[in-house]
Amino acid sequence: MPRQARKKSASGIYHIMMRGINRQIIFEDDDDYSRFLQTLQNYKEKSGYEIYAYCLMGNHVHLLLKVGKEPLEQIMRRICGSYVYWYNSKYERIGNLFQDRFKSEVVEDNRYFLTVLRYIHQNPLKAGIVSCVERYQWSSLVEYMNRPKVVDVSFTLKLFDDEREKAVESIIQFCKVVNDDLCLEMEEKQLLSDQEARHVIKKVCQVENSSELQKLDKVTRKKYLKELKEEYRLSIRQIERLTGINRGIVLKA
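74 is the number that our numbering gives to position 83 of the sequence shown; each next residue is one higher, with no gaps.
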């Protein structure tokens, strides 16, 4: 079946989500997170986009972005292509890293803009990684509280207050509000968070990063996969996502 045409935003603002192919990890360490943020910064002037919010979450990314000189598809090709080239070189791998088509939804009014803003910043909280939204290192809330580097904060701040300090405090409190907001979804329920599961994989399989499990010989890999499923109760989807190993291989182990 042909793909459905991507809906175009009249405001130019989109909520974007992209994830690792087979749901695998795309950020193994702090250097990877920092590199992706630097990539976002590098193409802002060339592509003319503005970033209002972001959250980098191990195996996926959320962006709240307004297009400028270039269309959304070209912007995402630049960002993803640059990061994947660097990532593949670092980890000595080849091929795709991101799922072939990013997801997007239009953001046409201030009310939904704020809904998406909160949804993005609450990702680490809902995943059980942090107990407070402002404690997560790799979301744009850090830039609102401190000096912005990637994020264009002016538009959002003015929605809350003309005084910066009051606006920042209001944003933090707004992002803490418990809600049932539904935006772009992807994560399934699991016994362990991805961060905990990644630690288990590294320890059990004696590897430096979870994707290295792909490089082990078949017998050893099968032994570890079976142990991760049966003894540590990692789900097939979670193992697939964190290691990049094909679902069928994980299922048969």
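No residue lacks a Cβ here, since even glycine has one placed at the ideal position from N, Cα and C.
Check                                                                                                         : Outcome
Selection from Glu19, Leu88, His6 and Leu173 that minimises the alpha carbon distance to Val198               : Glu19
For Gln15 and Leu204, the rounded distance between their alpha carbons                                        : 12 Å
For Lys140 and Ser226, the rounded distance between their alpha carbons                                       : 37 Å
Pair within 8 Å by beta-carbon distance, Ile7 and Ser95                                                       : yes
Whole-angstrom C-beta distance between Ile163 and Phe151, which should lie under 8 Å                          : 10 Å between Cβ atoms; not a contact.
Beta-carbon proximity check, Val142 vs Tyr43, cutoff 8 Å                                                      : yes
For Leu183, the three-state DSSP class (helix, strand or coil)                                                : coil
Residue interval of the beta strand (DSSP E) (run including Ser95)                                            : Lys94 to Val97
Paired residues, beta bridge with Tyr45 - DSSP                                                                : Leu54
Which of helix, strand or coil DSSP assigns to Ser226                                                         : coil
Met(-8), buried or exposed, once every other Cβ within 10 Å from all chains shown has been counted against 16 : Caution is warranted here: a pLDDT of 42 is assigned to Met(-8), below 50, making its placement in the model unreliable, and the coordinate value is therefore given only provisionally. Per the 10 Å Cβ criterion, exposed.
Pick from Pro62, Tyr40, Gly72 and Glu36 that is closest to Arg26, judged by C-alpha positions                 : Gly72
Between the CA atoms of Ala188 and Lys194 - distance to the nearest angstrom                                  : 10 Å
Any 3 or more C-beta pairs closer than 8 Å across the region 102 to 118 and the region 70 to 86               : no
Opening and closing residue of the alpha helix (DSSP H) in which Tyr76 lies                                   : Leu63 to Tyr82
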